[in-house]
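Notes to accompany the following structure.
Residue numbers (the numbering used here): 1 to 368.
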């Protein structure tokens, strides 16, 4: 079974990750929309539209969505609404966009101005949240608010660089607790203990997707671009030579229990490939992204059983039972084939290989 057939199988058999509005579905929706833009094939657009038809009412209400949760993850699935508003001009999409923007307007923040990850995680910034919110926030500002919020977006990225980046490795820790109250946080720095692969992937995608939106209209975009390039360079030092993948705990290599993880690898691959396409990275970096995608396909894509393997199902910090951010914690979480965080990243990364190959007739066939 070729990659396209694998993708079509999962689109045709798609079931919502949860009954309520959720970010996991949004990963697949974004990937499908990327494929539509890369291929022009309407089946991908139709898939996203079917989902939205089931989820967004005619008056713009989002089914099973609670703004008062102030969960930054809930912004993610709204990214696809912009395209559908532009394509259809249907007001229900604009109204749903406004609902999610209203959440951002009222979302709790740290004293330094960063969005809390969730109301249940006060004073905390996780790398995940930058991907969930910033590209949506930037797109809204560009289309509907004369880019007035770009400065706020910029400041939140700068705060993350200042607070969460590790000076020695150039990598970023999974989370930061401004209050230093959580057991997982370093009492001096507020930082969690480790560099989680998917958190790095979320961060890379947040940077490249936001840059794509703001670059032409924002003078400080170059500073965000610098963070992006430096982050990719830091990650390349830890790319596995044999598989071209990244590990679940990025800097721990072959330490007992660590494993080459699919979702984080594909997110980073997407970021590199897109970064090259948009001119943020030199052309020779494309090989690093393509090899990461190809290495993941070779190691973990089981086309006989329609499975994408090697995906960490979930990982977080705090809550009940308590997640302490230790190495042992990250390697203990279940590996879940076809989890939507990995599947969505697969669609996104594959779409970037196609976007490149469209312009390069002599490129190798990546659909095998």
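Quick reminder that beta carbons are idealized off the backbone N, C-alpha and C, glycines included.
Values in this document were obtained by computation on a predicted structure and should not be read as measured data.
Just to confirm my understanding: we take residue i, look at its own chain, exclude 5 residues before and 5 after, and list those with CB closer than 8 Å. What are they?
| i | result |
| --- | --- |
| residue 276 | 282, 283, 285, 286, 289, 356 |
| residue 115 | 72, 104, 107, 108, 109, 125, 129, 133, 156 |
| residue 8 | 43 |
Can you name, in chain order, every residue of its own chain whose Cβ lies under 6 Å from the Cβ of residue i, other than the five neighbours on each side?
| i | result |
| --- | --- |
| residue 118 | 71 |
| residue 206 | 130, 131, 134 |
| residue 337 | 307, 309 |
| residue 67 | 103 |
| residue 31 | 344, 347, 348 |
When burial is assigned at 16 or more other CB atoms within 10 Å of the CB, is residue i buried or exposed?
| i | result |
| --- | --- |
| residue 37 | exposed |
| residue 417 | This structure cannot speak to residue 417, because the chain is shown only from 1 to 368. |
| residue 113 | exposed |
| residue 314 | exposed |
| residue 323 | buried |
| residue 125 | buried |
| residue 75 | buried |
| residue 102 | exposed |
| residue 346 | buried |
| residue 242 | exposed |
| residue 320 | exposed |
| residue 89 | exposed |
| residue 13 | exposed |
| residue 46 | exposed |
How far does the alpha helix (DSSP H) with residue i in it reach, from first residue to last?
| i | result |
| --- | --- |
| residue 128 | 127-144 |
| residue 197 | 197-214 |
| residue 40 | Run containing residue 40: none; DSSP gives neither H nor E here. |
| residue 233 | 221-236 |
| residue 96 | 91-106 |
If the criterion is Cβ atoms closer than 7 Å, does the pair residue i and residue j meet it?
| i | j | result |
| --- | --- | --- |
| residue 162 | residue 263 | no |
| residue 164 | residue 172 | yes |
| residue 33 | residue 48 | yes |
| residue 213 | residue 139 | yes |
| residue 204 | residue 295 | no |
| residue 27 | residue 330 | no |
| residue 369 | residue 19 | As displayed, the chain neither begins before 1 nor continues past 368, which places residue 369 out of reach and without an answer. |
| residue 312 | residue 333 | yes |
| residue 349 | residue 269 | yes |
| residue 265 | residue 246 | yes |
Can you name the start and end residues of the beta strand (DSSP E) that residue i belongs to?
| i | result |
| --- | --- |
| residue 8 | Segment 3-12 is the alpha helix (DSSP H) holding residue 8; no beta strand (DSSP E) there. |
| residue 313 | Careful: residue 313 lies outside any beta strand (DSSP E) and carries neither H nor E. |
| residue 369 | Only positions 1 to 368 of the chain appear in this structure, which leaves residue 369 out of reach. |
Rounded to a whole number of angstroms, what is the C-alpha to C-alpha distance between residue i and residue j?
| i | j | result |
| --- | --- | --- |
| residue 56 | residue 202 | 26 Å |
| residue 253 | residue 317 | 22 Å |
| residue 195 | residue 127 | 10 Å |
| residue 110 | residue 104 | 13 Å |
| residue 24 | residue 267 | 14 Å |
| residue 78 | residue 94 | 10 Å |
| residue 62 | residue 147 | 25 Å |
| residue 229 | residue 144 | 29 Å |
| residue 234 | residue 170 | 5 Å |
| residue 358 | residue 41 | 14 Å |
| residue 4 | residue 261 | 22 Å |
| residue 293 | residue 237 | 17 Å |
Within the same chain, show all residues whose beta-carbon is closer than 7 Å to that of residue i, passing over the 5 residues directly before and after it, in chain order.
| i | result |
| --- | --- |
| residue 274 | 208, 352 |
| residue 187 | 180 |
| residue 149 | 137, 141 |
Is there a Cβ from chain D that is less than 7 Å from the Cβ of residue i?
| i | result |
| --- | --- |
| residue 27 | Judged by its chain identifiers, the structure shown contains no chain D, having just a single protein chain. |
Should residue i be listed as close to the ligand ATP, given that the test is whether its C-beta is under 6 Å from any heavy atom?
| i | result |
| --- | --- |
| residue 168 | In terms of ligand content, the structure shown is empty, and the ligand ATP therefore cannot be addressed. |
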